[in-house]
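Q: These protein sequences, in sequence, are chains A and B. Each position in the first sequence, counted from 1, maps to that position plus 1153 in our numbering. Each position in the second sequence, counted from 1, maps to that position plus 45 in our numbering. From the three backbone atoms N, C-alpha and C, an ideal C-beta is built for every residue, glycine too. From a predicted model like this one, the values you see are computed outputs, not experimental measurements.
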Amino acid sequence: MPDQDTVQDQLQPEPKQKAEDQAQPIEQIYRHGKFEIQVREIKAPVRPRGVLAE
Amino acid sequence: VNESLASHAHDGFPSEADLARVEQLAGGSLQTPACIERTLDALPYDHDYRNAYSVKSVRRALHSDRITCIDAAVLAYGLLDFFPETRRQLLAIHRRGPDGEECGHVVALYWAADDRVGALSRSSFTQLGHRRPLHDDPHEVAMTYAVEYLNVGLSPLYYGFTTLEEVCPDFDWRTDPRPMNFLSSRIQDHYAFRFDIRSDRS
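1. Name the chain B residues that come within less than 7 Å of A:ALA1206, Cβ to Cβ?
2. Identify which residue in B:ASN96, B:ILE112, B:ASP159, B:HIS235 has its Cα closest to the Cα of B:LEU179.
3. I need the DSSP call for B:HIS180, collapsed to helix, strand or coil.
4. Under the three-state reduction of DSSP, which class applies to B:ASP126: helix, strand or coil?
5. Quick check on A:GLU1194: does DSSP put it in helix, strand or coil?
6. What is the C-beta distance between B:ALA71 and B:THR84, in whole angstroms, given that I count them as a contact (C-beta under 8 Å)?
7. Give me the DSSP bridge partner(s) of B:ARG133.
8. Quick one: residues in its chain with C-beta nearer than 7 Å to the C-beta of B:GLY205, no 5 flanking neighbours on either side, listed in chain order?
9. Is A:PRO1201 closer than 8 Å to B:GLN134 when the C-beta atoms are compared?
10. Can you tell me whether B:ARG105 is helix, strand or coil according to DSSP?
11. Can a CB atom of chain A be found closer than 8 Å to the CB of B:MET225?
12. Chain A partners of B:ALA242, CB-CB under 9 Å?
13. Taking the alpha carbon of B:PRO183 as the point to measure from, which residue in B:ASN196, B:LEU154, B:PHE170 has its own alpha carbon closest?
14. Is the beta carbon of B:THR131 closer than 8 Å to that of B:TRP156?
15. Straight-line CA distance for B:PHE58 to B:GLY149?
16. With 16 other CB atoms within 10 Å as the buried threshold, where does B:GLY123 fall?
17. Which partner residues of B:THR84 appear in the DSSP bridge assignment?
18. Using a Cβ-Cβ distance under 8 Å, would B:ALA137 count as near chain A?
19. Please list the partners that B:SER169 has in chain A, where partner means a Cβ-to-Cβ separation under 7 Å.
20. Excluding sequence positions up to five away, which residues of its chain have a Cβ less than 7 Å from the Cβ of B:ARG105?
21. What did DSSP end up calling B:CYS297 once you bin it into helix, strand or coil?
22. Starting from the Cα of B:GLY174, find the closest Cα among B:GLU68, B:ALA117, B:ASP63, B:TYR94 and give me that residue.
23. Can you tell me whether B:LEU75 is helix, strand or coil according to DSSP?
24. Suppose contacts are defined by Cβ-Cβ distances below 8 Å. Is B:ARG248 in contact with B:HIS55 by that definition?
25. Could you work out which residue in B:GLU61, B:PRO214, B:PRO201, B:ALA164 is closest to A:ARG1193 when comparing CA atoms only?
26. Would you please verify whether the beta carbon of B:ILE81 is less than 8 Å from any beta carbon of chain A?
27. Does the beta carbon of B:HIS184 sit closer than 8 Å to a beta carbon anywhere in chain A?
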């Protein structure tokens, strides 16, 4: 299992949001190994199953 | 430091017994927010949460012999009272396993003097532990937890930010001896972002 530093070194946000864009919905793409991770603002409430316990 | 802590007491917290317990767990006084890591690390994780889920106040978690992630987040958030100039929030992140089980993790975020963000965390996964205050913003911290979920075969789903003042205005989250299980769903109500994951080998 990679350690925290290794994983964080692999995070490559692209592109980095400009300060003036901070109020806009987030649509960054991160690459981690074989994964492409995109973050989007939720438009409607979600109700996932399970509790906060992990 | 103890005199400083006592001068920032909220609702009777910290008491002398609270301060003694913090020092016992941390192996000394808390000099910086990052020192709270030692307090959390000294408390074993409660693997029995599925049978006895009971979210604890700061005081109850502090004097407990086992805690879950949400207990740790509440405890760390409360111990950040000791550093009144330090900005703090909660970060919650949800995931789904290959068996369909969903569960969430929550941590206490704090902003260092240089405005970098760190996290205080206790988890059954060592990879979901603390994050040093090296991150540009809280979204970057959330991403570090998301990639660790991916590394162990779990799918990160949602994340969001809130404060205990926002989700718990009607309960004394610092000292109440009663279970505060409602906090789990109230914090989840603040999920505001979702992860779209694609694999280039799928």
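A: Per the coordinate set shown:
1. TYR94, TYR98, THR113, CYS114, ILE115, CYS148
2. B:ASP159
3. strand
4. helix
5. strand
6. Yes, they are in contact, since the Cβ atoms of B:ALA71 and B:THR84 sit about 5 Å apart, within 8 Å.
7. B:TYR155
8. Hits under 7 Å: ALA137, HIS235, TYR236, ALA237, PHE238.
9. no
10. helix
11. It does not: the Cβ of B:MET225 has no partner Cβ on chain A nearer than 8 Å.
12. Per the sequence presented here, residue 242 of chain B reads as Ile, with Ala not at that position. Result: PHE1188, GLU1189, ILE1190, GLN1191.
13. B:LEU154
14. yes
15. 28 Å
16. buried
17. Looking at the DSSP assignment, B:THR84 forms no beta bridge with any residue, so it has no partner.
18. yes
19. GLU1207
20. Same-chain partners within the cutoff: PRO222.
21. In the structure as shown, chain B starts at 46 and stops at 247, and residue 297 of chain B therefore has no counterpart that could be examined.
22. B:ALA117
23. coil
24. Absent from the model: residue 248 of chain B. The displayed extent of chain B is 46 to 247, so no value can be given.
25. B:PRO201
26. For B:ILE81, no CB of chain A lies under 8 Å from its own CB, so it is not counted at the interface with that chain.
27. Residue contact check for B:HIS184 against chain A: a CB pair falls below 8 Å.
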